[in-house]
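Chemist:
Protein chains in written order, with my numbering: chain F, 1 to 303; chain E, 304 to 606.
Below, the structure written as structure tokens:
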């Protein structure tokens, strides 16, 4: 079993981006601009946004966070988006999801300029993935494809199973794997005989949100395991059951452990697997920076 | 084995549309406008366009065909599209594919107003399918879903296999089936062990373009078979092997027979199947009329 070391690859990608941003600044006097809008006070979202911001700044991206109260009127939120749409210094806009329940996500997202849609959430950008004509890709699927590419894993003809059909991970990733000639089965909560389907797969991607949901007995020997799950566990017996050793050790200090959707006992059966944390997570953040740089270069025709 | 009688359902749909168009004309004085652009002299495309035109006229749609020479300059073709984009009497524009090889399909299609994209080919419209937020759907997938709905076939939890990954049929239909809670495997030319995968499927959709490619031995007893293939056969032994009886009888008069991608010997194993011709084909044309009416109603806020 080999680790797909997302943390390492993400670090390398970030180094490259930092260098390129430095060079482009020397050439053009300009730096990429990323603005994240966060509405309400979801602590997980806040932590995630701060992390993105910190890394973006480290790479030389002109990063800003706009924090808005949950109660903001839809029209005021939309006005905020319009201002950013028109700001030539901002090439990348991220509206952190989920929005508080009083907002209609699509009523809001639809006002985003598709050319600044750094998360690749808008229909026109998702449609281009389906058409295999996309320039940018959603961050998590894109990070997964980059990892597989880094380890030179040839996807052509592989039987892949994607568990989870969100528009953020499952559906676009299924299309991206198909475009790379994998044979993809897209599973979800209504799927019957999931264990039987997983058992046939050469590549398993789990984006479910349930710790250890994909168990060792479901896995075919030699399969590649990609774990999108990031489940926070606060009970010691759960942490011992579902978390990798480093998380178990940190549990006493932190009071929680992070676990994936694939059970840790499945790892020894795999040819490759992504640890949680340190696999898909860091790649997702790195891809946000990749997309920001891409949108910047596109605006200034630097491609 | 039960026939999914596309011809019958398409006839019923057309009757409904005709009535509705008549009523809307009485109410508003307006009729839906459909314009088809055909470039070059592909005989199959010409026949298909004439058929659409004839049916559209029969239903009271203000239908026009614009025939252009293959050698037309891209900019002149685009100008033609721009004129139609701005014509308030035209709510639906269809650019018949394939375009002659001297044209870049996407360079041309991208100039189409997405609101008049009656075939649902543009990225923004395809993306909305993936997001399960679509108002219109590509004609062939939409016709298939209508047929399944007509016979009250519950797709939830079914294992479906989609053979063929075009952006016109396979990819959007895979998403539409997923949205209806089927578990979909999308197969294509690089898929390994296709027979094994087909054998597990409760629903098989074939859009390959090879007569009789899906054979009886691949099919699970009781499966639902949907055949998108329309293969023209000119050799008697092929017609006898691959065509349904009515086509075999017409062969002497016409000199050809039409066959599907699913072998006729698979039909007795199926719970339901679409005959070729008379299954998916008529539904596709009917859905073009449904889409034209939808775009008309959308323009005039009659929904």
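Note that CB positions come from ideal geometry on N, CA and C, so glycine has one too. This one's a predicted model, so the numbers in the text were calculated from it and none came from an experiment.
Going by DSSP, what residue range makes up the beta strand (DSSP E) through residue 370 (chain E)?
Modeler: 365-371
Chemist: Give the DSSP-derived three-state secondary structure of residue 93 (chain F) in the structure shown.
Modeler: strand
Chemist: Using the rule of at least 16 other Cβ atoms within 10 Å of the residue's Cβ for burial, across every protein chain shown, is residue 386 (chain E) buried or exposed?
Modeler: exposed
Chemist: Out of F:125, F:40 and F:123, point me to the one whose CA is closest to residue 98 (chain F)'s CA.
Modeler: F:40
Chemist: Between residue 178 (chain F) and residue 491 (chain E), is the Cβ-Cβ spacing less than 9 Å?
Modeler: Contact flag set, yes.
Chemist: So what does DSSP say about residue 2 (chain F), is it helix, strand or coil?
Modeler: strand
Chemist: Taking the straight line between their C-alpha atoms, what separation do you get for residue 20 (chain F) and residue 33 (chain F)?
Modeler: 14 Å
Chemist: By the three-class DSSP mapping on this structure, what secondary structure does residue 476 (chain E) have?
Modeler: Three-state DSSP puts residue 476 (chain E) in a helix.
Chemist: Output needed for residue 371 (chain E): all residues of its chain with C-beta closer than 6 Å, excluding positions within five of it in sequence on either side, in chain order.
Modeler: 342
Chemist: Only counting the same chain, and skipping five residues up and downstream in sequence, which positions put a Cβ closer than 7 Å to that of residue 444 (chain E)?
Modeler: 472, 475, 476 and 479
Chemist: Are the beta-carbon atoms of residue 112 (chain F) and residue 126 (chain F) separated by less than 9 Å?
Modeler: It is not a contact, given that the beta carbons lie outside the stated cut-off.
Chemist: Can you give the Cα-Cα distance for residue 455 (chain E) and residue 465 (chain E), rounded to whole angstroms?
Modeler: 20 Å
Chemist: So what's residue 611 (chain E) in DSSP terms, helix, strand or just coil?
Modeler: The structure shown does not extend to residue 611 (chain E), since chain E is modelled only from 304 to 606, so the question has no answer here.
Chemist: I want to verify the contact list: residues of chain F whose CB lies under 8 Å from the CB of residue 490 (chain E), in sequence order.
Modeler: 183
Chemist: Residue 483 (chain E) and residue 589 (chain E) - do their beta-carbons sit closer together than 9 Å?
Modeler: no
Chemist: By the three-class DSSP mapping on this structure, what secondary structure does residue 215 (chain F) have?
Modeler: coil
Chemist: Expressed to the nearest angstrom, what Euclidean distance is found between the alpha-carbon atoms of residue 8 (chain F) and residue 537 (chain E)?
Modeler: 60 Å
Chemist: Taking the alpha helix (DSSP H) that residue 588 (chain E) belongs to, which residues open and close that run?
Modeler: It spans 583-602 - the alpha helix (DSSP H) in which residue 588 (chain E) sits, taken as one unbroken run.
Chemist: Do residue 578 (chain E) and residue 316 (chain E) have their CB atoms nearer than 9 Å?
Modeler: No; because the gap between Cβ atoms is not below 9 Å, this pair is not in contact.
Chemist: Using a C-beta cutoff of 9 Å, does residue 477 (chain E) count as contacting chain F?
Modeler: Taking Cβ atoms only, chain F reaches closer than 9 Å to residue 477 (chain E), which makes this a yes.
Chemist: Which residues in chain E sit within 7 Å of residue 85 (chain F), going by Cβ to Cβ distance?
Modeler: Going along chain E, no residue has its Cβ under 7 Å from residue 85 (chain F), so there is no contact; the nearest lies around 17 Å.
Chemist: Leaving out five residues on either side along the sequence, give the residues of the same chain with a beta carbon under 6 Å from the beta carbon of residue 299 (chain F).
Modeler: 91
Chemist: Compare the C-beta of residue 455 (chain E) against all C-beta atoms of chain C and say whether one is closer than 9 Å.
Modeler: Looking at the structure shown, chain C is missing, and the protein chains on hand are F and E.
Chemist: Apply the 10 Å Cβ neighbour rule to residue 518 (chain E) and answer buried if 16 or more other Cβ atoms are within range, or exposed otherwise.
Modeler: exposed
Chemist: Have a look at residue 25 (chain F) and residue 156 (chain F) and give me their C-alpha separation to the nearest angstrom.
Modeler: 39 Å
Chemist: Considering residue 34 (chain F), what are the terminal residues of the alpha helix (DSSP H) in which it resides?
Modeler: It is not in any alpha helix (DSSP H) - residue 34 (chain F) instead sits in the beta strand (DSSP E) that spans 33-39.
Chemist: Can you give me, in chain order, the residues of the region 463-475 of chain E that have a beta carbon less than 8 Å from any beta carbon in chain F?
Modeler: Cβ contacts with chain F come from 468, 470, 474 and 475.
Chemist: What are the residues in the region 437-461 of chain E lying within 7 Å of chain F by C-beta distance?
Modeler: 459 and 460
Chemist: Where does residue 272 (chain F) fall in DSSP's three states?
Modeler: It is a strand residue.
Chemist: I'd like to know whether the C-beta of residue 190 (chain F) is nearer than 9 Å to at least one C-beta of chain E.
Modeler: yes
Chemist: Note the first and the last residue of the continuous beta strand (DSSP E) segment covering residue 191 (chain F).
Modeler: Residue 191 (chain F) -> no beta strand (DSSP E), and no H or E assigned at all.
Chemist: Taking 9 Å as the threshold (beta carbon to beta carbon), is residue 68 (chain F) in contact with chain E?
Modeler: no
Chemist: Taking residue 66 (chain F) and residue 37 (chain F) to be in contact with their CB atoms under 8 Å, please state how far apart those CB atoms are, rounded to whole angstroms.
Modeler: 5 Å
Chemist: If I measure Cβ to Cβ from residue 74 (chain F) and keep anything under 8 Å in the same chain, skipping five residues before and after, which residues do I get?
Modeler: 103, 104, 107 and 108
Chemist: Closer than 6 Å by C-beta to residue 587 (chain E): which residues in its own chain qualify, once you throw out the five before and the five after it? Chain order, please.
Modeler: 442, 443 and 446
Chemist: Assign residue 149 (chain F) to buried or exposed, taking buried as 16 or more other Cβ atoms, counted over all protein chains shown, within 10 Å of its Cβ.
Modeler: exposed
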